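*Asks:*
The structure is reproduced here in C-alpha cells:
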C-alpha cells in the first residue's frame, strides 16, 4: 500500500501543511490565520491568532484525507465553536466570492449565445444560487444558534442535531448538472478558455462543498450529539 | 466474466479474489473502497458484467437506494455483499445478496444467476439518447410527472423510471431543471414551451 502522511498534527510547520495540500490555504484563511507563516508550527500560529489548534487540525484532516473519520477523543478535545466559525465563514466565502465570480464568468461565457439559450443557462445558475442560499440560511438561523446554545449549556428546546441531519438537503446535484452542461452541452459559440476557467471553479466548488458537508456531518453533528447526551445524563 | 467490487474491507476483496481464482469463470475487473464522483466515472467506463457492493460503503440513510444509485452509472446487475446487517426490505433492491458465510460454489451460483437474468431485461445501451428517451426527456423538461408520462406513452411507471435513469446515466444530468436546460440547448424543445 501507498505510504503517505495521513494525519496532520499541531506540531507540524504550517508551511508543510500547505506543501502537502495547497487547498488548505482556503481552510487556513477561513480559520482567520494569516499568511507569513515563517517557521511557525500550527500550534504557535493558532495560539497567536486565538484559534483552537485541535479544531483546526480536525478540519485540515477532514479536508485533505479522503475517508477520514475523526477519533472520538479528538472530537472531545476540539472546540465546537471554532468549527462553527469555520462553517459560517465558508458560507460567506461561497456567497460573496465564489458565486459572484462565477456569475461574472458565466455571463461572459454565454454572451455569444442566442437569447433563449443564454436565459435558460443563467436562470439555472440563479436558481442554484438561491437554493444554496436558502440551505445556508436554514443552517445559520436554526442549526448554528442551536449549536451555540448547546455549547454554552443553554436550553435545547425541541430541536436536536439529529433533526438537522435528517433535513440536511443535498445541494450538490444541481452543481453537478451545471458542470455537465458547461462541459458537454454548451453551444459552440462559447469560448473554450472561459468555459475551462468556469469548469475549474465548478469542480473546486463541488469539492469544497463536499468537504463542508463532511465537516458538518462527521465533526459538528457528533460533537453536538455528545454534548446533548451529557446534558441529558446530568438531568 | 468481470466483476467490479465496491467495498471498504480489503480482506473481503481478497476473499472474493480468492474465490474467483479457485473457481474460474469470474475475475475482478477493479475495486473501489469508496464511491466518490471519481469512482463513479470509472464505474461508468469499466466493462464489467456485475458490481458487488458492501452496503457499508454508504451512510445508513442512503442504504435503501444503493441499487438505484449505482444504476445511474452502469446497467449491470448489482449484488450486495454486506459486512453489516441489512434487513429484508433493503435486501430486495439487489439482484442478489451474498453472505459472508456462503460457500465459494454458492457465490458463483448466485453471480451466474444474477448476470444471466439481467441480460434478458436490459433496456438500453450506447451513449446517445434513443428516440424514446428523447421523447421522455422532452416531457420531463416540460414538467410532466412520471405518472402522466406513463399514460401518454401507454407504458408503466417502472419503464418511465428506467428511461429516466438511462437519460441521467448518459447525460450526467439529474435534476429536472438541468434536463430542461439540456433540452433547450439541444433544440429538443422550444424555450417558450416551458414556464
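Chains as they are written, first to last, in the working numbering: chain A, 78 to 312; chain B, 17 to 211.
Quick reminder that beta carbons are idealized off the backbone N, C-alpha and C, glycines included.
A quick note: this is a predicted structure, and the numbers were derived from the prediction, not measured.
Give the straight-line distance between the Cα atoms of residue 214/A and residue 93/A, rounded to the nearest whole angstrom.
*Replies:* Going by the C-alpha atoms only, they are around 35 Å apart.
*Asks:* Any chance you could list the beta strand (DSSP E) runs of at least 3 consecutive residues sitting entirely within the region 34-62 of chain B, in chain order?
*Replies:* 43-48
*Asks:* Does the beta carbon of residue 46/B sit closer than 8 Å to a beta carbon anywhere in chain A?
*Replies:* So no, residue 46/B is outside the interface.
*Asks:* According to the neighbour-count rule (16 or more other Cβ atoms, all chains shown, within 10 Å of its Cβ), is residue 277/A buried or exposed?
*Replies:* exposed
*Asks:* Would you check if the distance between the CB atom of residue 70/B and the CB atom of residue 115/B is smaller than 8 Å?
*Replies:* By the CB criterion at 8 Å, residue 70/B and residue 115/B fall outside the cutoff.
*Asks:* Out of 158/B, 146/B, 63/B, 51/B, state which residue places its alpha-carbon closest to the alpha-carbon of residue 86/B.
*Replies:* 51/B
*Asks:* Among 75/B, 195/B, 126/B, 166/B, which residue has its Cα nearest to the Cα of residue 97/B?
*Replies:* 126/B
*Asks:* Using beta carbons (cut-off 8 Å, strictly below), is residue 299/A in contact with chain B?
*Replies:* no
*Asks:* Please report how far the alpha carbon of residue 203/A lies from the alpha carbon of residue 103/B, in whole angstroms.
*Replies:* 42 Å
*Asks:* What is the DSSP secondary structure of residue 191/B, counted as helix, strand or coil?
*Replies:* Coil at residue 191/B, not helix or strand.
*Asks:* Taking the C-alpha atoms as reference points, what is the distance between residue 161/A and residue 31/B?
*Replies:* 43 Å
*Asks:* Can you give me the Cβ contacts of residue 80/A inside the same chain, cut-off strictly under 7 Å, excluding the 5 residues immediately before and after it?
*Replies:* Only weak support exists for where residue 80/A lies, its pLDDT of 38 falling under 50; the value from the coordinates is given anyway. Correct list: empty, nothing qualifies.
*Asks:* So that I know if they touch, is there some Cβ in chain B lying closer than 8 Å to that of residue 53/A?
*Replies:* Lying outside 78 to 312, the shown extent of chain A, residue 53/A is not represented and no answer is given.
*Asks:* Roughly how many angstroms lie between the CA atoms of residue 191/B and residue 194/A, to the nearest whole one?
*Replies:* 18 Å
*Asks:* Drop a sphere of 10 angstroms on the beta-carbon of residue 191/A, count the other beta-carbons inside from all chains shown, and report buried for 16 or more, exposed for fewer.
*Replies:* exposed
*Asks:* Just confirm the distance between the C-beta atoms of residue 44/B and residue 21/B, as a whole number of angstroms; I'd bet it's less than 8 Å.
*Replies:* 6 Å
*Asks:* Any idea if residue 186/A is buried or exposed, counting beta-carbon neighbours within 10 angstroms, 16 or more meaning buried?
*Replies:* Buried: at least 16 other Cβ atoms inside 10 Å.
*Asks:* Spatial neighbours of residue 23/A within its chain, please: CB distance less than 7 Å, with the 5 preceding and 5 following residues excluded, ordered by chain position.
*Replies:* Outside the shown range of chain A (78 to 312) lies residue 23/A, about which nothing can therefore be said.
*Asks:* Residue range of the alpha helix (DSSP H) that residue 309/A falls in?
*Replies:* 298-311
*Asks:* If we define contact as Cβ-Cβ less than 8 Å, is residue 64/A a contact residue for chain B?
*Replies:* Nothing in the structure corresponds to residue 64/A, since chain A is present only between 78 and 312.
*Asks:* Comparing alpha-carbon positions, which option in 121/A, 114/A, 102/A, 153/A lies nearest residue 88/A?
*Replies:* 121/A
*Asks:* With residue 96/B as the anchor, note down where its beta strand (DSSP E) starts and where it stops.
*Replies:* Per DSSP, residue 96/B is one residue of the beta strand (DSSP E) stretching across 94-96.
*Asks:* With H, G and I counted as helix, E and B as strand and the rest as coil, what does DSSP make of residue 90/B?
*Replies:* coil
*Asks:* Residues of chain A with CB under 9 Å from residue 193/B, in chain order?
*Replies:* 200, 201, 204, 205, 251, 254
*Asks:* In chain order, what residues of the same chain have a beta carbon less than 7 Å from the beta carbon of residue 274/A, not counting five sequence neighbours either side?
*Replies:* 182
*Asks:* Following the continuous alpha helix (DSSP H) through residue 198/A, name the residue where it begins and the one where it ends.
*Replies:* Counting along the chain, the alpha helix (DSSP H) containing residue 198/A begins and ends at 192-215.
*Asks:* Should residue 147/A be labelled buried (16 or more other beta-carbon atoms within 10 Å of its own) or exposed?
*Replies:* buried
*Asks:* At what residues does the beta strand (DSSP E) containing residue 68/B begin and finish?
*Replies:* 66-69
*Asks:* With burial defined as no fewer than 16 other Cβ atoms inside 10 Å of the residue's Cβ, what is the status of residue 99/A: buried or exposed?
*Replies:* exposed
*Asks:* Find the nearest neighbour of residue 171/A within the set 134/A, 207/A, 241/A, judged by alpha-carbon distance.
*Replies:* 207/A
*Asks:* At what residues does the alpha helix (DSSP H) containing residue 110/A begin and finish?
*Replies:* Careful: residue 110/A lies outside any alpha helix (DSSP H) and carries neither H nor E.
*Asks:* Closest by CA to residue 183/B, which one among 147/B, 172/B, 33/B, 95/B?
*Replies:* For the set 147/B, 172/B, 33/B, 95/B, the Cα lying nearest the Cα of residue 183/B is the one of 147/B.
*Asks:* Taking only runs of the alpha helix (DSSP H) that begin and end inside the region 151-197 of chain A, which ones reach a length of at least 4 residues, in chain order?
*Replies:* 157-170, 176-187
*Asks:* Counting only Cβ pairs nearer than 9 Å, list the residues of chain B close to residue 264/A.
*Replies:* 201
*Asks:* Report all residues from its chain with a CB closer than 6 Å to the CB of residue 48/B; omit the five preceding and five following residues, and keep chain order.
*Replies:* 22, 55
*Asks:* In three-state DSSP terms, what is residue 280/A?
*Replies:* helix
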